[in-house]
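Everything below concerns the one structure shown next.
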Amino acid sequence: MSLLLQPLIATGRDGVEMVCADSMVRRIYPILAAHVADFPEQCLVACCKENRCPKCLVTADERGNPLSSPIRTPNFGLRTVYSPFSANLPHTDIFLVFTPDLLHQFHKGVFKDHLVKWYLEIVGEAEMDARFKAIPDYPGLRHFKKGISAVKQWTGTEHKQMQRVFIGLLAGAVPRYA
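In the numbering used here, each residue's number is its place in the sequence shown (first place is 1) plus 3.
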């Protein structure tokens, strides 16, 4: 990665003249603005343990709680890395360039680990499975004939199929209070 990003070091520090869309020549300073990686690779690049947040200092058991955690800084890494590829990149904070990993952070993290868990606490496993089983067959929607509680490992496609019907499952689950 260091070899690939080597040209960004000098041009990011000194700038380079380029012709812009309006035909004017301007000095620009290219930077690394996004690092697309899955969650384990983000943790590796951030030099943190794999079960920790690569962006902030929240602990694993506090994720999902409304709190304000300090953002990671280059001085607070948990693994020793002798020469990280981002060390010499000007105007780049590696902890701010990570893009969300949809499978691990959204589909599994937010949806399955939080929303489904909270829903289970409200209605219970048997009621949730009964609601998934009761969904009528419809083209383009997966029908969960046995419910979802017995499945141990989900694919991204299965998460998406669950999310398509999840709001409908919530209807009537919580009694209204006057």
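Ideal Cβ positions, reconstructed from N, Cα and C, are used throughout, including at glycine. Keep in mind that this is a model prediction, so the values were computed, not measured.
Check                                                                                                                                             : Outcome
Name the DSSP bridge partner or partners of I34?                                                                                                  : Partner(s): none; I34 has no beta bridge.
Apply the 10 Å Cβ neighbour rule to C23 and answer buried if 16 or more other Cβ atoms are within range, or exposed otherwise.                    : exposed
So L22 is in the beta strand (DSSP E); what residue range does that whole segment cover?                                                          : What sits at residue 22 in the sequence shown is Val, not Leu. Residues V19 to V22.
Can you list, in chain order, the residues of its chain whose CB lies under 7 Å from that of I31, leaving out five sequence neighbours each side? : G18, V19 and M21
From what residue to what residue does the alpha helix (DSSP H) around Q164 run?                                                                  : G159 to L173
How big is the Cα-Cα spacing for A174 and Y122?                                                                                                   : 11 Å
For F101, name the three-state secondary structure that DSSP assigns.                                                                             : strand
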